[in-house]
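Quick note on numbering: the sequence shown equals residues 60 to 184 in the numbering used here. Quick reminder that beta carbons are idealized off the backbone N, C-alpha and C, glycines included. What you are looking at is a predicted structure, and each value in this text was computed from that prediction instead of being measured. Some notes on the structure that comes next.
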Amino acid sequence: MMPGMRGVNPRQMKQAMKRLGITAKELRDVEEVIIRTKDQEYIVTDAAVTLMDMQGQKTFQVIGETVIRDRQASSAPDKPVEPSIPEEDIKLVMDQTGCDRDRAFKALEETEGQPAEAILKVLSS
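Pasting the structure below:
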């Protein structure tokens, strides 16, 4: 129920919204919403998000715990983000080629995490 709408029947509210061309849909299983401005990040966790479509114009309503961070502190543009290589892929490359962990990791980085390509790269070098 919306604030200031005491005494309004929810069914009547839905009918009025339908007549005005307004649809509302709750987005399920939303974990986090991040809004980035030039200087800050607004991070909403355990977010409840409702998408309202009013004659083609979409509006998102976000409710949840909010943390505000400076973007300078949260991101370092000078450092590239290291790719996340699953441990299983590293072990697979090591087992198939007999190389050490560092060589397997480097080969996976160079092949953008593709184990088959990394195996071929190690075997061909």
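Which listed residue (the options) has its alpha carbon closest to that of residue i
{"i": "L110", "options": "T82, N68, S143", "result": "T82"}
{"i": "K197", "options": "T104, A177, E91, D112", "result": "Residue 197 is absent from the model: the chain starts at 60 and stops at 184."}
{"i": "Q131", "options": "M72, V67, R87, Q99", "result": "Q99"}
{"i": "V108", "options": "V92, L182, K73, Q114", "result": "V92"}
{"i": "L167", "options": "G123, I149, V67, D154", "result": "I149"}
{"i": "Q6", "options": "V181, G115, P145, E146", "result": "A query on residue 6 cannot be resolved here, the shown segment of the chain reaching from 60 to 184 and no further."}
Unbroken alpha helix (DSSP H) run spanning residue i, endpoints
{"i": "Q155", "result": "146-156"}
{"i": "R78", "result": "69-78"}
Sheet register partners of residue i (DSSP bridge)
{"i": "K84", "result": "L110"}
{"i": "R95", "result": "E100"}
Contact under 9 Å by Cβ, residue i with residue j
{"i": "V126", "j": "T96", "result": "no"}
Anticipated Cβ contact below 8 Å, residue i with residue j, distance rounded
{"i": "T170", "j": "A177", "result": "5 Å"}
{"i": "G80", "j": "A106", "result": "Not confirmed; about 26 Å, so no contact."}
The beta strand (DSSP E) enclosing residue i, as first and last residue numbers
{"i": "D129", "result": "116-129"}
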